[in-house]
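Number of protein chains: 2
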Amino acid sequence: MPTDAIETLLALAQAHATVTRAIEVQGLSFAELRLLLVLRAAQPHGRRPTELAREVLLTPSGVTRALLPLEKRGIVERERDPDDARASQIRLTTAGVTLLDDALIPAGERASKLLRRLSLGQTKQLQRLLEEIGR
Amino acid sequence: MPTDAIETLLALAQAHATVTRAIEVQGLSFAELRLLLVLRAAQPHGRRPTELAREVLLTPSGVTRALLPLEKRGIVERERDPDDARASQIRLTTAGVTLLDDALIPAGERASKLLRRLSLGQTKQLQRLLEEIGR
DNA sequence: GACATGTACTTGACTCATCAAATATCATCC
DNA sequence: GGATGATATTTGATGAGTCAAGTACATGTC
């Protein structure tokens, strides 16, 4: 009785639950991995917390709290903006880059395992379809 | 630099974040909706908490806690199993069925809106691909 | 028929993320 | 050069879920 659209979103939720349970490596959750990958794409300049929030779909306060343990572990660092005292730039530390690279190896393996029933073409197709959701 | 598999899973996480933010209706979160839909499929018999956990990919303790507000609101009810005093059956109340039916209308609309860039065929295809994840 | 082991939950402590409010700073307009 | 309002971020209270341990009952074994 749920519509096709809802059924598809249910499958999405199910898949997401499976993925977050499976991918967790070097003490990094899948959500943290996501954040760090955005930061690596932003090297060497870094990103503002607000931009991070938009890019990983967290609230700004969610970002503040997500960064806390990462800063404490020396994975990311913060530089206050000299021109705007409210703002700061977040970037990966050297150790953070290394850790991320290390983490990506087992993470990639687990990701492949999760998608092992799909061909490469289907995987790309899935990605394209997912990217159409919401806009 | 992340693999194709990881990129696809990132798209999945992004899509999931979009969906959970968008679908919330009659004070029911998307996660609650998911639970109630399983329960509706299980009518009139109901389901054990443990079965629910497996079906929506929560831990048993997550189910206990998810049911608490739903019981309080009279949306689901619990019947102790006379043959096994540890166990119980959870089922939708009449009010719960009504509420769920009401909620599904706007939820369906929002779901369609989220998927509006996909044809019906693509939506079904997306669902099939998602169902292959993890097994 | 008592004991060991297993099953069905529930609870306590904790993490993660949200919302709303607070804080601090910047930008504009007069 | 203040007052007014927007922007960047943090904080307090709270909801949602996890894991590990606890409770209560069932089951199989000798």
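Protein chains in written order, with our numbering: chain G, 1 to 135; chain E, 1001 to 1135.
Beta carbons are placed, not taken as given, at the ideal position from N, Cα and C, and that holds for glycine.
Contact with chain G by E/S1088, beta-carbon distance below 7 Å = Taking the second sequence and counting its residues from 1, one reaches residue 1088 of chain E at position 88. In terms of beta-carbon proximity, E/S1088 stays away from the interface with chain G, with every pair separated by 7 Å or more.
ask   = By Cβ distance below 8 Å, which residues in the same chain neighbour G/Q43 in space, the five residues on each side in sequence not counted?
value = For this step, residue 43 of chain G is matched to residue 43 along the first sequence. Close CB contacts of G/Q43 within its chain, under the 8 Å cut and outside five residues either way in sequence, are with R91, L92 and V97 (chain order).
ask   = What residues from chain G crowd round E/S1029, counting only those whose CB sits closer than 9 Å?
value = Stepping through the second sequence from its first residue, residue 1029 of chain E is reached at position 29. Chain G residues near E/S1029: none, gap ~11 Å exceeds 9 Å.
key: Residue burial classification, G/P49 (beta-carbon count within 10 angstroms, cutoff 16)   = Reading the first sequence from its first residue, position 49 is the one you call residue 49 of chain G. Taking all protein chains shown into account, G/P49 has 16 or more neighbouring C-beta atoms within 10 Å of its C-beta and is therefore buried.
message = If contact is defined by three or more beta carbon pairs under 8 Å, each pair taking one atom from either stretch, is the region 1054-1062 of chain E in contact with the region 1106-1125 of chain E?
response = Flag = no, the region 1106-1125 of chain E and the region 1054-1062 of chain E do not touch.
ask   = Roughly how many angstroms lie between the CA atoms of G/D84 and E/Q1026, to the nearest whole one?
value = Counting from 1 along the first sequence, the entry for residue 84 of chain G is found at position 84. Counting from 1 along the second sequence, the entry for residue 1026 of chain E is found at position 26. Distance from the CA of G/D84 to the CA of E/Q1026, rounded to the nearest whole angstrom, comes to 42 Å.
message = Let me confirm a value: E/H1016 is counted as buried when at least 16 other C-beta atoms fall within 10 Å, else exposed. Which label applies?
response = Position 16 of the second sequence, counting from 1, holds the residue named residue 1016 of chain E. Buried, by the Cβ-count rule.
inquiry  = If I measure Cβ to Cβ from G/I139 and keep anything under 6 Å in the same chain, skipping five residues before and after, which residues do I get?
reply    = As displayed, chain G neither begins before 1 nor continues past 135, which places residue 139 of chain G out of reach and without an answer.
query = E/D1083 versus chain G: which residues are under 9 Å apart at the beta carbon?
reply = Along the second sequence, read from residue 1 onward, the residue named residue 1083 of chain E stands at position 83. In chain G, no part has a C-beta under 9 Å from the C-beta of E/D1083; the shortest such distance is about 31 Å.
query = Is the Cβ-Cβ distance between G/A13 and E/S1112 less than 7 Å?
reply = Looking up residue 13 of chain G in the first sequence gives position 13. Looking up residue 1112 of chain E in the second sequence gives position 112. No Cβ-Cβ contact shorter than 7 Å links G/A13 with E/S1112.
task = Could you have a look at E/I1090 and say whether DSSP puts it in helix, strand or coil?
result = The residue given as residue 1090 of chain E occupies position 90 in the second sequence. Reduced to three states, the DSSP call for E/I1090 is strand.
ask   = If you run the structure through DSSP and keep just helix, strand and coil, what is E/R1048?
value = In the second sequence, residue 1048 of chain E corresponds to position 48, counting from 1. Three-state DSSP puts E/R1048 in coil, outside helix and strand.
3 or more residues per run - each beta strand (DSSP E) lying fully within the region 54-110 of chain G = Given a length threshold of 3 residues, each whole run of the beta strand (DSSP E) inside the region 54-110 of chain G is given here in chain order: 76-80 and 88-92.
ask   = Measuring CB to CB, does E/T1020 end up less than 7 Å from G/Q127?
value = For the purposes of this step, residue 1020 of chain E is identified with residue 20 of the second sequence, where counting begins at 1. For the purposes of this step, residue 127 of chain G is identified with residue 127 of the first sequence, where counting begins at 1. Cβ atoms of E/T1020 and G/Q127: not closer than 7 Å.
task = Below 9 Å between beta carbons is the criterion; list the residues of the region 119-135 of chain G that meet it against any residue of chain E, in chain order.
result = Per Cβ criterion, the list reads L120, Q122, T123, K124, Q125, L126, Q127, R128, L129, L130, E131, E132, I133, G134 and R135.
query = If you check the beta carbons only, do G/L70 and G/V63 fall under 7 Å apart?
reply = Residue 70 of chain G sits at position 70 when you count from the first residue of the first sequence. Residue 63 of chain G sits at position 63 when you count from the first residue of the first sequence. G/L70 is not a Cβ neighbour of G/V63, given a cutoff of 7 Å.
Cβ-based neighbour list, E/R1081, same chain, cut-off 7 Å, excluding 5 preceding and 5 following = Position 81 of the second sequence, counted from the first residue, corresponds to residue 1081 of chain E. The identity of residue 1081 of chain E in the sequence shown is Asp, whereas the question assumes Arg. For E/D1081, the CB contacts under 7 Å within the same chain, skipping 5 residues up- and downstream, are A1087, S1088 and Q1089 in chain order.
G/E132, DSSP secondary structure in three states = Within the first sequence, numbered from 1, the residue matching residue 132 of chain G stands at position 132. Looking at G/E132 - three-state DSSP - the assignment turns out to be coil, as it is neither helix nor strand.
inquiry  = Would G/L28 and G/A103 be called neighbours here (beta carbons separated by less than 7 Å)?
reply    = Counted from its first residue, the first sequence places residue 28 of chain G at position 28. Counted from its first residue, the first sequence places residue 103 of chain G at position 103. Cβ distance < 7 Å, so G/L28 and G/A103 count as in contact.
Residues of the region 97-113 of chain G with Cβ closer than 7 Å to any Cβ of chain E, in chain order = Per Cβ criterion, the list reads L104, A107, G108, A111 and S112.
ask   = What residues in the region 32-46 of chain G have a beta carbon less than 7 Å from any beta carbon of chain E?
value = So the close ones are R34 and L37.
Where E/S1029 sits in the DSSP three-state scheme = Here residue 1029 of chain E is taken as the residue at index 29 of the second sequence, counted from 1. In this structure, E/S1029 counts as strand in the three-state DSSP scheme.
query = Of all Cβ atoms in chain G, is any one closer than 7 Å to the Cβ of E/A1066?
reply = Position 66 of the second sequence, counted from the first residue, corresponds to residue 1066 of chain E. Contact of E/A1066 with chain G is not assigned, every C-beta pair being separated by 7 Å or more.
task = Check the Cβ of G/V23 against every Cβ in chain E and list those closer than 9 Å, keeping chain order.
result = Residue 23 of chain G sits at position 23 when you count from the first residue of the first sequence. For the record, residue 23 of chain G in the displayed sequence is Ile; it is not Val. Result: I1006 and L1009.
task = Can you grab the Cα-Cα spacing for the pair G/I75 / E/R1073, in whole Å?
result = Numbered from its first residue, the first sequence carries residue 75 of chain G at position 75. Numbered from its first residue, the second sequence carries residue 1073 of chain E at position 73. When rounded, the distance between both Cα atoms is 44 Å.
ask   = Any C-beta of chain G sitting closer than 7 Å to the C-beta of E/L1012?
value = Against the second sequence, residue 1012 of chain E aligns to sequence position 12. Interface residue, yes.
message = Whole angstroms are fine: how far does the CA of E/R1065 sit from the CA of E/L1100?
response = Here the question's residue 1100 of chain E lines up with position 100 in the second sequence. Here the question's residue 1065 of chain E lines up with position 65 in the second sequence. Rounded to whole angstroms, E/L1100 and E/R1065 show a C-alpha spacing of 19 Å.
query = In or out: E/L1115 buried (at least 16 other Cβ within 10 Å) or exposed?
reply = On the second sequence, residue 1115 of chain E is found 115 positions in, with the first residue counted as 1. Classification for E/L1115: buried.
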